[in-house]
């Protein structure tokens with residue numbers, strides 16, 4: 002049998018590069034490259050080059066790309082990024098051909114760019130031999146991910162989104178080995194993927210005093226015919242050559258793999274990936290764990306070795322533009338959303354209760370755990386000191402308890418609400434799988450860095466279920482990540498550091514499967530102090546038998562199963578179709594602002610921040626639950642706040658930390674649970690910062706520190722009680738607790754809550770420690786509670802003093818004039834959003850001779866913000 006495969010790799014002038022692979026009886030033969038001349042095709046390519054030159058030469062029109070080319074020359078660059086939407090508006094047929102015939106159109110575009118550079122700066126045009134074009138904009142069906150990248154996209158210009166998992170080192174060597182080129186002979190592109198990429202080699206013959214030059218091209222090139230990579234070692238008379246490495250030309254080269262995003266991968270299927278080839282200035286643009294958007298040409302490379310081929314071809318994406326997607330997957334927040342957030346903050350104390358109820362509302366109880374999850378999503382404030390020290394702001398939470406207490410359900414909820422989250426299990430994860438590994442490429446044998454789950458979740462959350470099933474060796478591998486936020490690799494000659502700044506939410510079962518009351522907490526947990534101290538909060542959740550509580554849980558679960566959305570027919574087929582999603586490399590939020598405004602005008606009630614139907618709640622319809630969309634936006638905006646500590650809050654935290662240390666030292670090692678170290682002090686700082694972010698506070702007050710200490714006291718399990726004393730405590734606890742507390746699961750060794758009186762100003766519950774200590778310890782604890790009351794009573798006076806010291810002065814008349822000028826500035830622009838610099842410039846122009854000082858501007862803006870007239874964020878002013 003005999004059959005022939007013909008490949009069209011590109012064009013040179015008006016001819017096509019044709020490569021024939023002939024297979025006869027299972028033995029393949031590869032013919033040489035040949036160029037087929039076509040006059041009509043040559044004229045068509047000349048017309049394409051002329052159209053691209055007209056598109057770039059827009060000095061008499063919009064002057065966009067002419068100025069960009071001048072900026073490129075000034076920055077000593079060689080790549081111009083073109084928005085394909087601009088080309089589509091001016092030359093729609095050209096843009097269509099560019100997407101479908103990229104291998105033919107891109108060389109024409111690059112020649113037009115080279116001619117444009119020569120016309121603007123001839124000297125700079127001689128500096129670079131080639132100039133390159135990158136693309137951005139809307140690609141339509143060409144906006145794909147590694148899973149949807151099919152064979153019909155071969156030869157097309159596509160935009161692929163994903164996360165970098167494997168990354169080769171950039172080849173910067175200037176030494177070209179002969180055996181490397183011998184292995185890369187023929188038409189195989191293997192050498193271009195492994196070894197240093199040489200563009201031009203210069204050789205000198207001492208016997209004849211002659212210098213020869215040879216140029217090289219591989220299959221990733223669109224314009225030239227691929228060379229045979231035969232390295233010249235001697236001339237026709239067998240005189241040896243000497244390579245002039247200093248005169249040779251080399252090019253940076255790198256390959257990396259992009260995998261589909263974890264949140265978009267189908268459940269139960271392996272994630273797909275695609276190899277990316279980056280040359281020149283595109284190298285070293287990303288590292289493992291980065292989310293990228295790669296624009297390039299999808300091509301297949303023949304994999305022929307020794308003159309034979311298996312018929313399977315490797316597909317790669319030859320990049321011409323690489324964009325780093327934001328680490329924080331942000332949602333678009335409109336001015337109406339800002340107003341809703343502002344109105345919700347006014348609820349003050351009720352706002353925190355509603356937020357806690359809105360976290361995993363399908364789970365009954367666990368109010369304190371939900372509060373901890375809310376703090377985990379908010380996070381603290383990360384500090385990067387000048388000496389290189391990093392103080393993490395990520396909050397880590399560990400849930401340990403009996404089966405069927407909704408630990409895994411809480412993890413699944415965090416995966417749904419967190420902007421970036423990666424899940425894994427303890428049994429199915431290894432140490433290198435969580436951090437990073439050095440692997441060998443199956444085809445080339447080159448060493449690669451492969452990112453683990455924590456690196457992929459950088460600036461996000463890692464959810465580890467069945468944490469107790471991990472071995473101690475694998476748990477030790479994540480010590481550095483949980484505290485330093487980095488992964489250090491020193492293997493196989495590769496030394497690298499990868500960012501893994503993520504929060505860890507882990508769930509585990511006790512050693513005996515179910516919590517054993519006769520054992521100490523450490524015997525039930527059975528984890529090392531080195532890993533426990535890295536968790537900020539540790540909750541022990543018990544499945545205690547309580548008739549009334551069991552009835553509430555049963556009613557809640559039954560209501561969830563009986564719930565049916567309004568308008569849903571009984572027995573109807575579930576519709577799993579998703580909303581249409583626009584794919585583009587640009588931020589289209591500005592283009593949709595007018596549509597959003599029209600939608601706001603038609604909706605009289607505005608945005609619904611509360612769920613309309615809460616009949617499935619056990620507690621009834623009176624309690625509000627936030628919508629998932631609004632909760633995400635609230636968390637996203639609150640995370641940007643960077644509050645600072647007040648002096649009273651610092652004193653309170655220091656005092657409570659000293660109390661915890663003194664309490665921990667008076668008990669034996671067998672009775673200790675979580676070690677009280679300096680990390681617990683940092684835990685109180687992070688929790689206080691999170692509570693301040695929840696209420697959008699600029700300063701961390703004593704009330705925030707009290708909430709943090711209360712949550713820490715609830716989460717920290719205490720030492721084992723004697724059986725008789727434990728029974729007395731439980732019976733007393735059941736008598737003193739309120740009905741609302743019965744619905745909340747209690748940790749095993751937490752005592753009764755102090756009941757707040759009507760005249761008591763303490764807003765948070767104070768948790769006592771159950772101990773077998775003497776009367777002196779009880780007196781010391783009573784004194785601590787007395788100091789807590791005094792500091793809480795001082796909170797109102799403290800906030801008033803803060804407000805008077807932080808706001809600069811401005812007279813009443815000047816403030817009224819400032820308000821009129823600001824309103825006039827927005828009326829002139831006919832918008833509700835304006836940058837702060839533009840607004841100030843317009844106000845100063847209206848003030849004329851009575852210009853405002855910087856202090857007056859700051860005072861006026863803060864006063865307007867306090868009056869809920871405006872909202873400032875990211876250098877912009879929103880008119881409410």
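In my numbering, the protein residues as written are 2 to 881. In this text, a Cβ means the ideal position worked out from N, Cα and C, and glycines have one as well. None of the values given here were measured: they were computed from a predicted structure.
(request) Give me the Cα-Cα distance between residue 859 and residue 657, rounded to the nearest whole angstrom. (result) Position 858 of the chain shown, counting from 1, holds the residue named residue 859. Position 656 of the chain shown, counting from 1, holds the residue named residue 657. Roughly 37 Å between the two C-alpha positions.
(request) With DSSP collapsed to three states, give me the class of residue 246. (result) In the chain shown, counting from the first residue as 1, residue 246 sits at position 245. The answer is coil: DSSP assigns residue 246 none of H, G, I, E or B.
(message) Suppose contacts are defined by Cβ-Cβ distances below 9 Å. Is residue 705 in contact with residue 684 by that definition?
(response) Residue 705 sits at position 704 when you count from the first residue of the chain shown. Residue 684 sits at position 683 when you count from the first residue of the chain shown. Not in contact: residue 705 and residue 684 (Cβ atoms no closer than 9 Å).
(request) Kindly indicate which three-state DSSP category residue 528 falls into: helix, strand or coil? (result) Along the chain shown, read from residue 1 onward, the residue named residue 528 stands at position 527. Coil.
(request) Mark residue 720 as exposed unless 16 or more other C-beta atoms lie within 10 angstroms of its C-beta, in which case mark it buried. (result) In the chain shown, the residue the question calls residue 720 occupies position 719. Unreliable placement is indicated for residue 720, whose pLDDT of 42 sits below 50; the coordinate value is still reported in the next sentence. Buried is the call here.
(request) Compare the Cα-Cα distances from residue 692 to each of 271, 256, 349, 268 and report the closest residue. (result) As a working mapping, residue 692 is identified with position 691 in the chain shown. Selected option, being the one with the closest Cα: 349.
(message) Please identify the residue among 65, 454, 250 whose C-alpha is closest to the C-alpha of residue 462.
(response) In the chain shown, residue 462 corresponds to position 461, counting from 1. Ranking 65, 454, 250 by Cα distance to residue 462 puts 454 first.
(message) Between which two residues does the beta strand (DSSP E) holding residue 466 run?
(response) Here residue 466 refers to the residue found at position 465 of the chain shown. That run of the beta strand (DSSP E) goes 462 to 466.
(request) State the start and end residues of the unbroken alpha helix (DSSP H) segment that holds residue 354. (result) Locating residue 354 in the chain shown gives position 353, where the first residue counts as 1. Its alpha helix (DSSP H) spans residues 350 to 359.
(request) Give a yes or no on whether the C-beta atoms belonging to residue 398 and residue 302 are separated by under 9 Å. (result) As a working mapping, residue 398 is identified with position 397 in the chain shown. As a working mapping, residue 302 is identified with position 301 in the chain shown. Against a cut-off of 9 Å, the Cβ pair of residue 302 and residue 398 comes out as no contact.
(request) Leaving out five residues on either side along the sequence, give the residues of the same chain with a beta carbon under 6 Å from the beta carbon of residue 202. (result) Numbered from its first residue, the chain shown carries residue 202 at position 201. So the qualifying residues of the chain are 215, 249.
(request) On a CA-only basis, which of 441, 439, 815, 376 is nearest residue 506? Give me that one, please. (result) Here residue 506 is taken as the residue at index 505 of the chain shown, counted from 1. With distances taken between Cα atoms, residue 506 lies closest to 376.
(request) State yes or no: is the C-beta of residue 459 within less than 9 Å of the C-beta of residue 500? (result) Locating residue 459 in the chain shown gives position 458, where the first residue counts as 1. Locating residue 500 in the chain shown gives position 499, where the first residue counts as 1. A contact, by the Cβ cut-off of 9 Å.
(request) Measure the alpha-carbon distance for residue 27 versus residue 222 and round it to whole angstroms. (result) For the purposes of this step, residue 27 is taken as residue 26 along the chain shown, with counting starting at 1. For the purposes of this step, residue 222 is taken as residue 221 along the chain shown, with counting starting at 1. Residue placement at residue 27 is poorly supported in this model, since its pLDDT is 40, which falls under 50; the coordinates still yield a value, given next. Cα to Cα, residue 27 sits roughly 30 Å from residue 222.
(request) Please look up how many angstroms separate the CB atoms of residue 381 and residue 401, rounded, as I've assumed it's under 8 Å. (result) Position 380 of the chain shown, counting from 1, holds the residue named residue 381. Position 400 of the chain shown, counting from 1, holds the residue named residue 401. So it is not a contact: roughly 23 Å between Cβ atoms.
(request) Please report how far the alpha carbon of residue 147 lies from the alpha carbon of residue 73, in whole angstroms. (result) The sequence position of residue 147 within the chain shown is 146, counting from 1. The sequence position of residue 73 within the chain shown is 72, counting from 1. Cα to Cα, the separation comes out at about 32 Å.
(request) Compare the beta carbon distance of residue 67 and residue 76 with 9 Å and say whether it is the shorter of the two. (result) Position 66 of the chain shown, counting from 1, holds the residue named residue 67. Position 75 of the chain shown, counting from 1, holds the residue named residue 76. No; because the gap between Cβ atoms is not below 9 Å, this pair is not in contact.
(message) Given this structure, state the Cα-to-Cα distance separating residue 103 from residue 434, to the nearest angstrom.
(response) Walking along the chain shown from the start, residue 103 turns up at place 102. Walking along the chain shown from the start, residue 434 turns up at place 433. Rounded to the nearest angstrom, the two C-alpha atoms are 38 Å apart.
(request) Go through its chain and collect everything with a Cβ distance to residue 827's Cβ below 6 Å, but skip five positions before and after it. (result) On the chain shown, position 826 is the one that residue 827 refers to. Within the same chain, residue 827 has close Cβ partners 880.
(message) If contacts are defined as beta-carbon pairs under 8 Å, then residue 136 and residue 85 qualify, I think. What distance do you get, rounded to the angstrom?
(response) The count along the chain shown starts at 1 and reaches residue 136 at position 135. The count along the chain shown starts at 1 and reaches residue 85 at position 84. Confirmed, about 5 Å.
(message) Within the continuous alpha helix (DSSP H) that includes residue 477, where are the two ends?
(response) Within the chain shown, numbered from 1, the residue matching residue 477 stands at position 476. Taken as a continuous stretch (DSSP letters only), the alpha helix (DSSP H) holding residue 477 covers 473 to 477.
(request) With a threshold of 16 other CB atoms inside 10 Å of the CB of residue 613, please say whether the residue is buried or exposed. (result) Against the chain shown, residue 613 aligns to sequence position 612. Flag for residue 613 reads exposed.
(message) Under 8 Å, with one C-beta from each stretch per pair, do the region 39 to 54 and the region 86 to 95 reach the 3-pair mark?
(response) yes
(message) Closest to residue 347 by C-alpha separation, out of 556, 836, 698, would be which residue?
(response) Sequence index remark: in the chain shown, residue 347 carries index 346 (1-based). The residue with the shortest Cα to Cα distance from residue 347 is 698.
(message) I'd like the ranges of any beta strand (DSSP E) spanning at least 3 consecutive residues and lying wholly in the region 69 to 107.
(response) 80 to 84
(request) Taking the CB atoms as reference points, tell me whether residue 629 and residue 829 lie closer together than 9 Å. (result) As a position in the chain shown, residue 629 is number 628, starting the count at 1. As a position in the chain shown, residue 829 is number 828, starting the count at 1. No. Outside cutoff.
(request) Report all residues from its chain with a CB closer than 7 Å to the CB of residue 640; omit the five preceding and five following residues, and keep chain order. (result) By 1-based counting over the chain shown, the position of residue 640 is 639. Answer for residue 640: 379, 380, 694, listed in chain order.
(message) Quick test of the definition: if touching needs 3 or more C-beta pairs under 8 Å, does the region 515 to 524 touch the region 474 to 487?
(response) no
(request) Please classify residue 766: does DSSP put it in a helix, a strand, or coil? (result) As a working mapping, residue 766 is identified with position 765 in the chain shown. Model confidence at residue 766 stands at a pLDDT of 40, short of 50, so the residue's coordinates are unreliable and nothing is read from them.
(message) Looking at residue 165: is its Cβ nearer than 9 Å to the Cβ of residue 260?
(response) For the purposes of this step, residue 165 is identified with residue 164 of the chain shown, where counting begins at 1. For the purposes of this step, residue 260 is identified with residue 259 of the chain shown, where counting begins at 1. It is a contact, given that the beta carbons lie within the stated cut-off.
(message) For residue 464 and residue 415, which I take to be in contact (beta-carbon distance under 8 Å), what is that distance rounded to the nearest angstrom?
(response) Against the chain shown, residue 464 aligns to sequence position 463. Against the chain shown, residue 415 aligns to sequence position 414. At roughly 6 Å, the Cβ-Cβ gap stays under 8 Å, so residue 464 and residue 415 are in contact.
(message) Is there a C-beta anywhere in chain B that falls below 9 Å from the one on residue 438?
(response) Reference to chain B is not applicable here, since this structure consists of a single protein chain.
(request) State the beta-bridge partners of residue 274 as determined by DSSP. (result) Locating residue 274 in the chain shown gives position 273, counting from the first residue. In DSSP, residue 274 forms a bridge with 260.
(request) Within 10 angstroms of the Cβ of residue 241, are there 16 or more other Cβ atoms? Answer buried if so, exposed if not. (result) Locating residue 241 in the chain shown gives position 240, counting from the first residue. Classification for residue 241: exposed.
(message) Measuring only the C-alpha atoms, how far is residue 635 from residue 423?
(response) Residue mapping note: residue 635 aligns to position 634 of the chain shown, counting from 1. Residue mapping note: residue 423 aligns to position 422 of the chain shown, counting from 1. Going by the C-alpha atoms only, they are around 21 Å apart.
(message) What does the alpha-carbon distance come out to for the pair residue 868 and residue 686?
(response) For the purposes of this step, residue 868 is taken as the residue at position 867 of the chain shown. For the purposes of this step, residue 686 is taken as the residue at position 685 of the chain shown. Roughly 30 Å separates the two Cα atoms.
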